[in-house]
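Sequence order for the protein chains is H and C.
Numbering follows our numbering, in which position 196 of the first sequence is assigned residue number 201; successive positions increment by one, without gaps.
Numbering follows our numbering, in which position 240 of the second sequence is assigned residue number 245; successive positions increment by one, without gaps.
Every residue gets a Cβ at the ideal spot worked out from N, C-alpha and C, and that includes glycine.
Protein chains: 2
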Amino acid sequence: MRITRVIERTIKVESKIRNARVDLSEMTATIVAVVTDVIQEGRPVVGYAFNSYGRYACGGPLRERFIPRLLATEPESFLDDEGTNLDPPRILASLLAREKAGGHAERSMALGTLDCALWDIVAKIECCPLYQVLSDRFGTGRSATTVPVYVGGGFYGAEDPVATLRDEVSRWVDAGYRDAKIKAGGVSLDLDRKRIEAALDLLPSGGRLALDLSCAFDAQAGVAFAKDVKPYGLWWLEEPCDPLDYDGYHAVGETGVGIAGGENLFGAREFDNFLRYARLGSNIVLQPDPPLAYGITGLLDILSTAQTHGVPHASIYPHGGNLMSLHAVAGLGLGGVEAYLEQFGVFSGFSHEVRIADGRATLPALPGIGFEAQPALYAVMSDLIR
Amino acid sequence: MRITRVIERTIKVESKIRNARVDLSEMTATIVAVVTDVIQEGRPVVGYAFNSYGRYACGGPLRERFIPRLLATEPESFLDDEGTNLDPPRILASLLAREKAGGHAERSMALGTLDCALWDIVAKIECCPLYQVLSDRFGTGRSATTVPVYVGGGFYGAEDPVATLRDEVSRWVDAGYRDAKIKAGGVSLDLDRKRIEAALDLLPSGGRLALDLSCAFDAQAGVAFAKDVKPYGLWWLEEPCDPLDYDGYHAVGETGVGIAGGENLFGAREFDNFLRYARLGSNIVLQPDPPLAYGITGLLDILSTAQTHGVPHASIYPHGGNLMSLHAVAGLGLGGVEAYLEQFGVFSGFSHEVRIADGRATLPALPGIGFEAQPALYAVMSDLIR
């Protein structure tokens, strides 16, 4: 088998939101299609992926380096030992051969997006959903039928922020969510308190609330904020500081609140330094974003690194409310998956196959990742190969 | 005044070399031209820059984010307080406003290349060479007429490596260089010893030899190599380990050899962590690459960070044998500048204005960076605005 074509395109995310630090109105994302010469039901098997969002499209390195390298390499070197399917880790290693050390973010998104599309192909050729492939190869081998899910939202920008947040949280509860995360740290403490109290008031009994601080604080301000909100018994404070401010994370962690981070760390080496120097012990939730950080293959490396630092799979909640993260959570036995209901245009939500109830998500049954059951997104993706 | 056009292009570097880790035969670079409406001698003032090499072109983020943002912003907000010239730090801050924290390498090269072109404009409008502008604003105000220069080369790939290196070092000495750096760590220790001894044999009395290990080793192998070559009294060992392996750098530094690093660190925060956790004290030479790491503006931040860790300007040797680094060294009082004679196609060497003698380089007199006196490179750059 061989890869015959790789197509990528930059598209606008159509988002009108902002967090504590960044206005997302110009946000773009990259979608890719990897076409093979394997025929199923009369049509070539195609792998699809997109590069999450928040960090913009990554088409430059794809067009200028990685797609030409992929198409120029002998197809045999990309196959597994049986020669019947692609071997994504082998492909990733080959594509990295002419790259200097460090500077991961410049290429980890292009390679991560490509890698997720390759795993879509692997699972389609095996005729089963990606989570099952991951579970068989790297997980427990047992198939969960549902996984824990929490909903992320509560962005800033509304005219009446507390009433708007109440409406949003009510919709979440009606839709079957129990745990949730809202943005915080971008307005006065007084207003954030009102927003936190509104959300806690509406979540069902036992529902947990996390705050996403979007790197708003230095160490001192982060510690002050953590002490201020500690009485609420929150699930975690996400990204209190710049992702490279390890001492800042350590200081905020010392207040005893739960800490989360990882969406702005790009590959296992960056996670290794974060865990080594932030010294958060078991008091950490890690949130790698597969397509931003060398893909599913990169996530496997990050999980190994986390284990060497004593962070269990149950403390990994991948960033990105999408099918790629859902399969990773289900297949690798991770803590839970995020969901975005409405903020990110065609990229919001999961596929029609996924149902939410009692804070858990059912799993898709289509082979591969299953973007084919997410009509608005699949319309954009399948247009790539027309 | 305003910026009327920004043009970028990816070009091949035409290099056939390799270091201990990477084959550079596919290497590309980005060249940019920033056109203003300021007229000098009947023509608009244009700023030029390129993004160094070793990390490939960076046109994607320029085309998709930074050029559109630059052209969409009110021109007044980009001017200095007098309103008569551009203010690159103000422009950089504005272009970073819709960017998430971390992941610097994804944008620091695009922004760094743009920033260097903006400083070219600033100096052209002031009608003096860039080093003089930097010296007046941030340096001693005194103008050196020459700066220390060392030559970098000794790549792998030759059929008779020792004889080829002898020829190369002889050419360096004939051309007026006294200090030099060769690649090492990519072949057997025995062969590297012969290469080191050949180079030391040919350098003039007092000439220093550094080794560039191109991140070849983990901590243990790096320590072993450092102990093996310590008797040669080398100038420094450059990048013994992965740039994020801070403990590895610390371990190699403990052997007592001089250590250098920084070409694969992208911005002040990455330098801050490197210095904080590698704990190398005064035993370090830092090598930021201006166009790869947020430009001249980024270099100023890195110099401040270095100072907070006790690293003096004299220990900063910018990466990249080009005019941008030469102006930074002369204008900011840094340790010295690297030179590449022949390996990187049109990007090799300085301009015709720069003469080398007794291990020092004279400074260009043209306004701005002075790519106009580097004919092969300027032919490619000026073609951007045709």
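Cutoff 7 angstroms; reference residue i; Cβ partners in own chain excluding five residues on either side
i              : result
residue 58(H)  : 18, 32, 34, 349 and 352
residue 338(C) : 144, 145 and 318
residue 334(C) : 152, 323, 341 and 342
residue 371(C) : 134, 358, 377 and 378
residue 42(H)  : 6, 7, 9 and 49
residue 116(C) : 71, 97, 100, 299 and 300
Nearest residue (CA-CA) to residue i, options the options
i              : options                           : result
residue 313(C) : 287(C), 112(C) and 334(C)         : 287(C)
residue 25(C)  : 310(C), 194(C), 207(C) and 127(C) : 194(C)
residue 331(H) : 315(H), 311(H), 354(H) and 111(H) : 354(H)
residue 75(H)  : 64(H), 96(H), 66(H) and 61(H)     : 96(H)
residue 90(C)  : 153(C), 170(C), 186(C) and 128(C) : 128(C)
residue 278(H) : 251(C), 292(C) and 264(C)         : 251(C)
residue 196(H) : 148(H), 185(H) and 170(H)         : 170(H)
residue 275(C) : 276(H), 260(H), 249(H) and 283(H) : 249(H)
residue 161(H) : 247(H), 370(H), 149(H) and 216(H) : 216(H)
residue 417(H) : 106(H), 71(H), 110(H) and 368(H)  : Lying before the first or after the last residue shown, residue 417(H) is absent from chain H, which here runs from 6 to 391.
residue 293(C) : 309(C), 281(C) and 272(C)         : 272(C)
residue 304(H) : 118(H), 134(H) and 377(H)         : 118(H)
residue 36(H)  : 267(H), 44(H), 56(H) and 177(H)   : 56(H)
residue 60(H)  : 88(C), 78(C) and 102(C)           : 102(C)
residue 280(C) : 295(C), 253(C), 296(C) and 260(C) : 253(C)
residue 296(C) : 42(C), 167(C) and 112(C)          : 112(C)
residue 2(C)   : 6(C), 27(C), 23(C) and 131(C)     : Coverage of chain C is limited to positions 6 through 391, which leaves residue 2(C) absent and any answer about it impossible.
residue 259(H) : 229(H), 298(H), 267(H) and 237(H) : 229(H)
residue 168(C) : 239(C), 88(C), 27(C) and 202(C)   : 202(C)
residue 14(H)  : 47(C), 69(C) and 165(C)           : 69(C)
residue 177(H) : 158(H), 163(H) and 114(H)         : 158(H)
residue 104(C) : 190(H), 264(H) and 30(H)          : 30(H)
residue 188(C) : 356(C), 20(C), 165(C) and 220(C)  : 220(C)
residue 106(C) : 346(H), 369(H), 73(H) and 266(H)  : 266(H)
Bridge partners - residue i, DSSP secondary structure assignment
i              : result
residue 53(C)  : 38(C)
residue 291(H) : 266(H) and 321(H)
residue 12(H)  : 38(H)
residue 92(C)  : Beta-bridge pairing links residue 92(C) to no other residue.
residue 48(H)  : 45(H)
residue 246(C) : 222(C)
residue 84(C)  : 91(C)
residue 377(H) : The partner list for residue 377(H) (beta bridge, DSSP) is empty, contrary to what the question assumes.
residue 17(H)  : 33(H)
residue 343(C) : 155(C)
residue 306(H) : Answer is none; residue 306(H) lacks a bridge partner.
residue 366(C) : 152(C) and 361(C)
residue 74(H)  : Answer is none; residue 74(H) lacks a bridge partner.
residue 28(C)  : 23(C)
Distance cut-off 7 angstroms: residue i Cβ against heavy atoms of the ligand ZN
i             : result
residue 39(H) : As presented, the structure is devoid of all ligands, the ligand ZN included, so that no description of it is given.
Contacting residues, own chain, Cβ-Cβ under 6 angstroms from residue i (five flanking each side not counted)
i              : result
residue 183(H) : 209, 212 and 364
residue 262(C) : 231, 235 and 242
residue 245(C) : 218, 222, 227 and 257
residue 381(H) : 351
residue 10(C)  : 40
residue 85(C)  : 92
residue 255(H) : 283 and 284
residue 174(C) : 204 and 207
residue 362(C) : 181
residue 344(C) : 154, 156 and 326
Contact belief for residue i with residue j at Cβ below 8 angstroms, rounded distance in angstroms
i              : j              : result
residue 108(H) : residue 269(C) : 6 angstroms
residue 204(C) : residue 185(C) : 6 angstroms
residue 320(C) : residue 291(C) : 6 angstroms
residue 53(C)  : residue 374(C) : 7 angstroms
residue 390(C) : residue 44(C)  : That pair is no contact at about 14 angstroms.
residue 16(C)  : residue 385(C) : 6 angstroms
residue 136(C) : residue 325(C) : That belief does not hold up - the Cβ atoms of residue 136(C) and residue 325(C) are roughly 15 angstroms apart, past 8 angstroms.
residue 329(C) : residue 121(C) : 5 angstroms
residue 367(C) : residue 150(C) : 7 angstroms
Beta-carbon proximity list for residue i, same chain, < 8 angstroms, skipping 5 on both sides
i              : result
residue 450(C) : Outside the displayed range of chain C (6 to 391) lies residue 450(C), so it cannot be described from this structure.
residue 306(C) : 272, 273 and 299
Start-end ranges of the beta strand (DSSP E) lying completely within the region 171-232 of chain C, minimum 3 residues
Fully enclosed beta strand (DSSP E) runs of no fewer than 3 residues occupy 184-188 and 214-217 of the region 171-232 of chain C, in order along the chain.
Give, in chain order, every unbroken run of the alpha helix (DSSP H) that is at least 4 residues long and sits entirely within the region 116-163 of chain C.
135-143
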